[in-house]
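A.B. asks:
In full-length UniProt numbering, the protein residues as written are 1 to 225.
As structure tokens, then:
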């Protein structure tokens, strides 16, 4: 039996958000796994997927060290960081992490870096390693609204994403990426949010397709452009 370790991170409660999808979705995945999606997929024969989750502060200084501590403890094959995009209609898949911190508002430590590199010696940007094409196809098959985002902005989400990929590029056979959840909205709405059950299903799709890609990599699944 081959074991695939997956680490998923989310951010601590957001101001003005009653139901934090980062917390609720990750809690459901850690508890229930992705068996419901995997039972008819031959790619998962003799494969066990173990999901570990960690909640992070919205902090430039603390988020990545806390995620790295979990990574060092669990030795994951896949790391998927998540955040919340308040204005998003559906799931938002981030394609690129840029080497820039430029905060319009203070973080949890009251820090507000302006126009600073995350890593002065690092490249200008990294592309995600998630199989975006197959994830979007899975979303479409389950009727889950989703968009591609060119980059993750310049706040803590992007900083975490960049640090993750900066770490992953030095490791063989490790996949890293970032996705944003919308707000939780149990009433169908053309512009604002998704029901929690759909967000849980979407996160399972992301894990399922990424594990499948890890087992059977194909450049056609990336969809970076």
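Here a beta-carbon is modelled for each residue, glycine too, at the ideal position from N, C-alpha and C. Quantities reported herein were computed from a predicted structural model and do not represent experimental measurements.
#1: Between which two residues does the beta strand (DSSP E) holding residue 9 run?
#2: Within 6 Å: the Cβ of residue 213 and any heavy atom of the ligand ZN?
#3: Are residue 83 and residue 157 closer than 7 Å when you measure CB to CB?
#4: Shortest alpha-carbon distance to residue 110 belongs to which of 167, 60, 31?
#5: Return the chain-ordered list of same chain residues with a C-beta closer than 7 Å to the C-beta of residue 28, the five sequence neighbours on each side being excluded.
#6: With burial defined as no fewer than 16 other Cβ atoms inside 10 Å of the residue's Cβ, what is the status of residue 112: buried or exposed?
#7: Give the DSSP bridge partners of residue 75, in chain order.
#8: Are the CB atoms of residue 124 and residue 99 within a distance shorter than 7 Å?
#9: For residue 58, count the other beta carbons within 10 Å of its own beta carbon; 16 or more makes it buried, fewer makes it exposed. Which is it?
#10: Run through the stretch 51-108 for me and flag every whole beta strand (DSSP E) of 3 or more residues, listed as ranges in chain order.
#11: In chain order, what residues of the same chain lie with their CB nearer than 8 Å to the CB of residue 175, ignoring the 5 residues before and after it?
#12: Would the beta-carbon of residue 34 fall within 7 Å of that of residue 206?
#13: At a cut of 8 Å, does the stretch 41-50 reach the stretch 138-149 through at least three beta carbon pairs?
#14: When you compare the CB positions of residue 63 and residue 160, do they come within less than 7 Å of one another, or not?
#15: Would you call residue 1 buried or exposed, if buried means 16 or more other Cβ atoms sit within 10 Å of its Cβ?
#16: DSSP on residue 180, reduced to helix/strand/coil?
#17: Between which two residues does the alpha helix (DSSP H) carrying residue 210 extend?
#18: Considering only residues of the same chain and omitting the five flanking positions on each side of residue 86, which have a CB-CB separation below 7 Å?
#19: Can you give me the start and stop residues for the alpha helix (DSSP H) that residue 45 sits inside?
#20: Using CA atoms only, rank isn't needed, just tell me which of 192, 93, 115 is closest to residue 102.
C.D. replies: The answer reads as follows:
#1: 2-11
#2: As for the ligand ZN, it is missing from this structure, which has no ligand bound.
#3: yes
#4: 60
#5: 200
#6: exposed
#7: DSSP, once it has assigned bridges, lists no residue as partnering residue 75.
#8: yes
#9: buried
#10: 78-84, 91-94, 96-98
#11: 77, 78, 79, 129, 130, 168, 210, 213, 214
#12: no
#13: no
#14: yes
#15: exposed
#16: strand
#17: 196-215
#18: 183
#19: No alpha helix (DSSP H) holds residue 45; DSSP gives it neither H nor E.
#20: 115
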